[in-house]
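Remarks on the structure that follows.
In structure tokens:
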């Protein structure tokens, strides 16, 4: 390991930043309940899809299933959830018919403010939350687990069907992500508890509060894995970069696959984020140099192309590459900056509101009582030594100095 | 059972320990004093500062002093140098103030201690809290009872005289 490969100060701030982007456990339960309520709504007597719901299934996909849900970061603290709704497509229905019928059937869904029919999904817009429901026609038996067809029905082009298996990708992702050492995971849990994230959803909405509060806490065993934290941070960064651009941003599933392909870095969260950004930057540079666009596939279902809608042209690639270079150079600069300047860098990368809260949360996490001071030999004092133990691959030598109190005095 | 050491540390013992724990801290022995100087970059919150640790070992009562050579430390906006927390304040040349890293009233440091295991760690800790103090205006490290800066000490003295 190079002498200064670790960056414990930056790592600690990246962690408190990402925790500020999370939903409270109660909010996650509300969100989960919302998509679980979908079959019931679609089975109501006036629903034209009622007869299709007897064998329907619904499950999370995308960021919720990966433990990578974050608030948007632009405007209100909105977040998006994705769900797959499996039901058998009636004979004769075109992809457009499926989406149109589903759009119609969602009318009257509790608390929904707007329902949009998108190219591949129906988007239910609530306060603070969008729920993208993608209809999927399960493959005929003998069916490989969760394989099916989703529908693509644009305003200005022909309808298409795509064979997919999002469930298998989620399972692959979970297997390919290293959770991190227990001491690190405990530290993250303790920091999360201390932050006490506020509930964004008001009480007494779609479901009785008792229904929500009685549910067990959502379990996301991989949400604290360094690779998943790097993914969340890069998504947040891109949310901000693309907020005022009239162009499509890199798709999350592509970023998620690359995040899992980048091995767990023994040097901590900043190193993990840099490794992810550098890996993506190399891919974009290669694409520009060779003209070969990214073509990342579902590793469990290779006919599913994660890049079928992004990038659309070289400009998409070039802008993303430049964003990645900016991220890497700013992270590097932060390692040689004092905290006041680090705060400005984080303002730019992740948002002013979040960076201020992240520093405050870090400062509050420091126990101001005189205890033994932890330090990494040859390097520095460590306020939070567990932050250096993300990976089982390397364990820095951490020692303790005797307790003491700072004190003012007079030299002359 | 661990026995507390009662013998002072020798220069050789301090130099050896420092070389083991902080290999980047380069020693220099000055005849005047006599004194050992160690200079090296030392990490604060994240960035490195050039620090100088100096120890006049023949003077049993004098602890090692730590000076920040660069980048120079500074007060928060609209405050004075004297308001920087936990300095051994040099009223003649404020910028030559040393860090005050322990409570002398409770004997937290004496010459039986290893500088590498106390003073250097505490100096890095001081720099860490100094940077946080610049952002939050609060000192988040352990404080001895009473004022936290020479400026606060002066104000307390003025108030008690009045």
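Chains as they are written, first to last, in the working numbering: chain A, 4 to 415; chain B, 3 to 164. Where is the CB? At the ideal position from N, CA and C, for every residue including glycine.
is_contact[residue i, chain A] using C-beta, thresh 8 Å
i             : result
residue 226/B : Given that chain B is displayed from residue 3 to residue 164, the structure contains no residue 226/B and the question cannot be resolved.
residue 25/B  : yes
residue 56/B  : no
residue 93/B  : yes
residue 119/B : yes
residue 40/B  : no
residue 99/B  : yes
residue 157/B : no
residue 21/B  : no
residue 14/B  : no
residue 75/B  : no
residue 104/B : yes
CA nearest to the CA of residue i, picked from the options
i             : options                    : result
residue 146/A : 155/A, 130/A, 168/A, 414/A : 168/A
residue 66/A  : 413/A, 362/A, 26/A         : 26/A
residue 120/B : 105/B, 133/B, 29/B         : 105/B
residue 82/A  : 74/A, 88/A, 89/A           : 74/A
residue 297/A : 305/A, 178/A, 286/A        : 286/A
residue 363/A : 144/B, 145/B, 135/B        : 135/B
residue 343/A : 137/B, 7/B, 29/B           : 137/B
residue 72/B  : 24/B, 62/B, 54/B, 66/B     : 54/B
residue 228/A : 236/A, 180/A, 251/A        : 180/A
residue 411/A : 38/B, 32/B, 86/B, 114/B    : 86/B
residue 307/A : 415/A, 376/A, 153/A, 323/A : 153/A
residue 8/A   : 404/A, 275/A, 293/A        : 275/A
residue 312/A : 157/A, 338/A, 31/A, 107/A  : 157/A
residue 230/A : 282/A, 249/A, 242/A, 245/A : 282/A
residue 254/A : 265/A, 239/A, 267/A, 268/A : 239/A
residue 224/A : 143/A, 16/A, 265/A, 176/A  : 176/A
residue 115/A : 38/A, 182/A, 166/A         : 38/A
residue 76/B  : 132/B, 9/B, 48/B, 45/B     : 132/B
residue 136/A : 125/A, 144/A, 393/A        : 125/A
residue 142/A : 178/A, 245/A, 59/A, 100/A  : 59/A
residue 87/A  : 100/A, 61/A, 101/A, 377/A  : 61/A
Proximity test, Cβ basis, 8 Å: residue i and chain B
i             : result
residue 332/A : no
residue 411/A : yes
residue 338/A : yes
residue 303/A : no
residue 380/A : yes
residue 259/A : no
residue 372/A : yes
residue 268/A : no
residue 352/A : no
residue 366/A : yes
residue 65/A  : no
residue 358/A : no
residue 383/A : yes
residue 341/A : yes
Neighbourhood of residue i by C-beta distance below 7 Å, restricted to the same chain and skipping five residues each side
i             : result
residue 373/A : 406, 407, 408
residue 99/B  : 89, 90, 91, 92
residue 159/B : none
residue 117/B : 16, 20, 55, 57, 66
residue 14/A  : 271, 272, 273, 390
residue 122/A : 155, 156, 157
residue 215/A : Any answer about residue 215/A is weak, because its pLDDT of 48 lies below 50 and its placement is not dependable; what the coordinates show is given next. 29, 32, 33, 36.
is_contact[residue i, chain E] using C-beta, thresh 8 Å
i             : result
residue 363/A : The displayed structure is made up of protein chains A and B, and chain E is not among them.
Proximal residues to residue i (C-beta, below 8 Å), its chain only, five neighbours per side dropped
i             : result
residue 189/A : 389
residue 19/A  : 194, 198, 360, 361, 362, 364, 365, 368
residue 321/A : 287, 291
residue 28/B  : 40, 41, 42
residue 2/A   : In the structure as shown, chain A begins at 4 and stops at 415. Residue 2/A is therefore absent and cannot be evaluated.
residue 47/B  : 129, 130, 133, 134
Enclosing alpha helix (DSSP H) for residue i [first to last residue]
i             : result
residue 126/B : 121 to 138
residue 238/A : 229 to 245
residue 22/B  : 13 to 23
residue 115/A : That residue, residue 115/A, is in no alpha helix (DSSP H); it is neither H nor E in DSSP.
residue 11/A  : 11 to 23
Same chain only: Cβ atoms within 6 Å of residue i, ignoring 5 sequence neighbours per side
i             : result
residue 226/A : 70
residue 211/A : Low per-residue confidence applies at residue 211/A: pLDDT is 49, beneath 50, and the placement is therefore not dependable enough to give any value.
residue 59/B  : 13
residue 146/B : 105
residue 150/B : 87, 141
residue 45/A  : 52, 56, 108
beta-carbon residue i near the ligand ATP non-hydrogen atom, thresh 7 Å
i             : result
residue 160/B : Inclusion of the ligand ATP in the displayed structure is not the case, the ligand content being empty and no account of it being possible.
Residue i - containing beta strand (DSSP E), residue span
i            : result
residue 50/B : 50 to 57
Minimum length 3: unbroken beta strand (DSSP E) runs contained in the region 141 to 210 of chain A: 151 to 155, 163 to 167
Ordered list of beta strand (DSSP E) runs contained in the region 276 to 362 of chain A, each at least 3 residues: 304 to 308
List in chain order: all unbroken alpha helix (DSSP H) runs of 4+ residues lying wholly within the region 36 to 111 of chain A. 41 to 45, 65 to 69, 98 to 108
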